[in-house]
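Take 4 as the starting number for the sequence shown in our numbering and just add one per residue. Where a beta carbon is used, it is the ideal one built from N, C-alpha and C, also for glycine. Notes to accompany the following structure.
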Amino acid sequence: MKSIIIYGSRHLSLSEGNIERALRRLPEGYRVEHEDEIAALRESRHFDGIEKYLPFLYEETASLIDYLPEHCIIVLDEPEETEQAGERYYEQQQSYIEHLVEHHAATGSADMYFMRPAVLLQKGVPRLRLFSIDQSSNGVVSFAASAIQPLSGGIDTLEKLLKDYISAGVAVVVVLHDKGQRARMAEIFSERGIAYSQDSLVLSGVCLALGNLSGGFESGDLKLAIVSFADIFGRQSAATKVSSVSPGRAIAGVSELNPGDFVVHSNHGIAVYAGLKRREVAGIVRDYALLEYAGTDKLFVPTEQLDRITRFIGTAGEEPTISRLGSAEWLKAKRKVKASVKKVAYDLLSLYAERSKARGHAYSADTAWQNEMEDDFVHVETPDQLTAIDDVKRDMEAPKPMDRLICGDVGYGKTEVAVRSAFKAVVDGKQVLVLVPTTILAQQHYTTFKERLSAYPVNVDMVSRFRSRNEQKDTLKRFSEGEVDILIGTHRLLQADVKPFDLGLVIIDEEQRFGVNDKEKIRNFKKSVDVLTLSATPIPRTMQMSLAGVRDMSVIETPPEDRRPIITHVGRYDEEMLLQAIRRELGRGGQVYYVHNRVETITSVAVRLTSLVPEARVAVAHGQMSEHQLEKIMVAFLKGEYDVLVSTTIIESGIDIPNVNTLIVDRAEHLGLAQLYQLRGRVGRSERRAYAYFFFTPNRLLTGQAFERLKTISEFTELGSGVKIAMRDLEIRGAGSLLGAEQSGHMSA
4 MKSIIIYGSR HLSLSEGNIE RALRRLPEGY RVEHEDEIAA LRESRHFDGI
54 EKYLPFLYEE TASLIDYLPE HCIIVLDEPE ETEQAGERYY EQQQSYIEHL
104 VEHHAATGSA DMYFMRPAVL LQKGVPRLRL FSIDQSSNGV VSFAASAIQP
154 LSGGIDTLEK LLKDYISAGV AVVVVLHDKG QRARMAEIFS ERGIAYSQDS
204 LVLSGVCLAL GNLSGGFESG DLKLAIVSFA DIFGRQSAAT KVSSVSPGRA
254 IAGVSELNPG DFVVHSNHGI AVYAGLKRRE VAGIVRDYAL LEYAGTDKLF
304 VPTEQLDRIT RFIGTAGEEP TISRLGSAEW LKAKRKVKAS VKKVAYDLLS
354 LYAERSKARG HAYSADTAWQ NEMEDDFVHV ETPDQLTAID DVKRDMEAPK
404 PMDRLICGDV GYGKTEVAVR SAFKAVVDGK QVLVLVPTTI LAQQHYTTFK
454 ERLSAYPVNV DMVSRFRSRN EQKDTLKRFS EGEVDILIGT HRLLQADVKP
504 FDLGLVIIDE EQRFGVNDKE KIRNFKKSVD VLTLSATPIP RTMQMSLAGV
554 RDMSVIETPP EDRRPIITHV GRYDEEMLLQ AIRRELGRGG QVYYVHNRVE
604 TITSVAVRLT SLVPEARVAV AHGQMSEHQL EKIMVAFLKG EYDVLVSTTI
654 IESGIDIPNV NTLIVDRAEH LGLAQLYQLR GRVGRSERRA YAYFFFTPNR
704 LLTGQAFERL KTISEFTELG SGVKIAMRDL EIRGAGSLLG AEQSGHMSA
């Protein structure tokens, strides 16, 4: 053989029959206008763009599904999201076909070329639909499962894990890549006396199976564990890096954009992307991305200059101001933002440089009073709690100002760490500020600090809207004169009239609830005093700074004794399930939190609940109530005078009520991940089993981030998940600017 010709692969083949069919079907006017292409078709020659003739060449077109064997099963992972992505692709192609037809470059409709995903998936093929979060109560098999943690000890660790599973009555499947691996594993099991079978599942036993899994899982509900080769020995090959479309980076092509998207041109500013347009310039026909600016200004950007366009990043829910072509506004905005970023970065770098060199107050070692006060603690400290306390004391006794984050779940003992550090400061003659995000939490901390320190000459007071103006004025006066040792309050403590006599320690509880402006004021404290931050789910930037070593962090992961995981359900709003949850809780003498985060409709929700469950005593609480009214309702609920409290997220940082062990949240897709987690922490504060229901709006597709948030809250149900939740939040939202003023938000021009 002297030579071989390899032709490029094509979606279609040409024959006399299908060419004649196409020529009959194509409109006469179109054939005349595209005579070169028609001539090529007559001669059975392929050319660029011939695929657009596909629906005219064949009597019927087919999809991949039409070629599947009879008993094939299609597995849809996250079917709603898959269908949503398919619909977006279809609409993009539809827009493109319409553009071609409009410019006489094609004929027909999009349905001739592409099949809608919904139609495609309705073909008579069995489907297995996999959901991360429950989508309905009918036809869904729901079970809890969690990933197998990598077995760092190899075979020894595997042996111990298998014995634990077998003793717990769990069936185990060890999945290996090939027969050689299975034979070697069978040999190892025989040497170690581990009973096993091959390819047949055994209850309370081990099965060696063949397959290719990247990771395994365990499910207590199913009494089943799947362990992969990668779990035992680690991944053997480097993962392929998949680039993702992220806001703020140059786009690779117009397929990443939808008409109506806000974009930023590096030279001309913010515009609206209006689609792909074909134009003839200087005798050359080419595609341009059309950007629409203020007024009637338009800019056609050649496709080879798409690297100058980025997707607009802005504050959620707010539309940006569209730039005007040819004006100096955009250049001014860029200079302003650049100067602002430099200033904030410089200020923060200066702050951390000052703190590293600053000489703070080095506290004395623990006194007899300190030891006595700590011995009075009615609970047994967890190991993590003791470690965190030691970390804080070590920082306080050093001459450098402390900046430590205590990360731990709600109810895991962060407040006790704060009480002990505050007492240590007071014993050394210093004052303490305790900053909290809500009035209710201020009241709770005031009660806790007063009770814990009642046996000692420590003056604890509070500033909040539960106090009259005159009472607040008197408290601040005594604080400025050194008569108040520990002052607890909301952001009211950041106002100019709060003047400490000798401040030594600032404690910030739930720092993610404070705004950027509040944090700018808090930052001023950090130059000279010790700062202790408490959080169950820190904001992504704080988490990133702690991981990077910019801030010190102590983690409290050990749950208190008798604490049980909260059974969590995430799914579409289901009134029958709602009623069952409320009646089950009332049946065991408990109380219910029902969170509806819209003040405008919260009363109607309460009325609806009263009609559905007439035996329940229902109360309403939200932040727009007067101080007296809100306090009265919360105290009455605490005393058990109401069964169900319908509230906004004001309870997110609220009073601890051990008798409340069912939480129901509607429209959960509108809440942030930290909010969802904080709300779940409101229940399960006793030895009773607690339940949390997160309902999202039915008949409505979730956005990508909302889906990820709900998926995360349904996955991380084990005790001590706060750090994992914060890590996932960091993945979902990004860290923001480590040196800038934004947290995980955005700086708008």
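- At which residues does the alpha helix (DSSP H) containing Q446 begin and terminate? 442-455
- [ ] Provide the residue span of the alpha helix (DSSP H) that contains K476, from first to last.
- [x] 472-483
query = In three-state terms, what does DSSP make of V35?
reply = helix
Helix, strand or coil for D80 per DSSP? strand
Three Cβ pairs or more, each shorter than 8 Å: is that satisfied between the segment 656-670 and the segment 596-610?
yes
Beta-carbon proximity check, L666 vs I716, cutoff 8 Å: no
Which same chain residues, not among the five before or five after Q446, have their C-beta less than 8 Å away from its C-beta?
M465, S467, F469, E634, I658
Pull up the distance between the alpha-carbon of I68 and that of M118, whole angstroms please. 11 Å
- request: Look at the alpha carbon of S269 and the alpha carbon of F699, and state the distance between them as a whole number of angstroms.
  value: 39 Å
**Prompt:** Grouping DSSP H, G and I as helix and E and B as strand, with all else coil, what is F236?
**Reply:** helix
message: Can you tell me where the alpha helix (DSSP H) holding E644 begins and where it ends?
response: Counting along the chain, E644 falls outside any alpha helix (DSSP H), and DSSP gives it neither H nor E.
* **Closest residue to P617 among L589, P262, H631, A639 (Cα-Cα distance)** => L589
Unbroken beta strand (DSSP E) run spanning G507, endpoints | 506-512
By Cβ distance, which residues of its chain are closer than 6 Å to I22, with the 5 residues on each side in sequence left out?
-> L44
Burial state of H74, where buried means 16 or more other Cβ atoms lie within 10 Å | exposed
Apart from the five residues on each side of it in sequence, which residues of its chain come closer than 6 Å, Cβ to Cβ, to P386?
T561
Fill in: Selection from L436, S16, K166 that minimises the alpha carbon distance to D533
L436
Q) Quick one: what does DSSP say G196 is sitting in, helix, strand or coil? A) coil
For this session: Using 10 angstroms around the beta-carbon of V623, count the other beta-carbons present and answer buried if the total reaches 16, otherwise exposed.
Result: buried
Beta-carbon proximity list for I8, same chain, < 6 Å, skipping 5 on both sides: none
### Query
By Cβ distance, which residues of its chain are closer than 8 Å to S549, with the 5 residues on each side in sequence left out?
Confidence is the limiting factor: at S549 the pLDDT is only 45, short of 50, which leaves the residue's position unreliable and the question unanswerable from this model.
So Q434 packs on G507, CB below 8 Å; how close in whole Å? 6 Å
Just to confirm my understanding: we take A148, look at its own chain, exclude 5 residues before and 5 after, and list those with CB closer than 6 Å. What are they? F220, S222
Check: Measuring CA to CA, which of Q708, T493, V501 is closest to T478?
Finding: V501
inquiry  = Rounding to the nearest angstrom, what Cα-Cα distance links E384 and T390 in this structure?
reply    = 10 Å
_Taking the alpha carbon of P661 as the reference point, which residue from K714, R91, G643 has its own alpha carbon closest?_
G643
What does the alpha-carbon distance come out to for the pair M637 and L213? 58 Å
task: Taking 8 Å as the cut-off, decide whether the C-beta atoms of F59 and L79 are in contact.
output: no
If the criterion is Cβ atoms closer than 8 Å, does the pair Y696 and A609 meet it?
no
Measure the C-alpha to C-alpha separation of R611 and E454 and round it to an integer number of angstroms. 40 Å
Alpha-carbon to alpha-carbon, E307 and S531 = 54 Å
| query | So S98 packs on P262, CB below 8 Å; how close in whole Å? | reply | 7 Å
*Give me whichever residues DSSP pairs with P305 in a beta bridge.*
Y291
7 Å Cβ shell around G20 - same chain, five flanking residues per side excluded:
none
_Where M4 falls, given that 16 or more other Cβ within 10 Å makes a residue buried_ = exposed
Quick check on this structure: which residue in T85, R472, L123 has the alpha carbon closest to the alpha carbon of T64? L123
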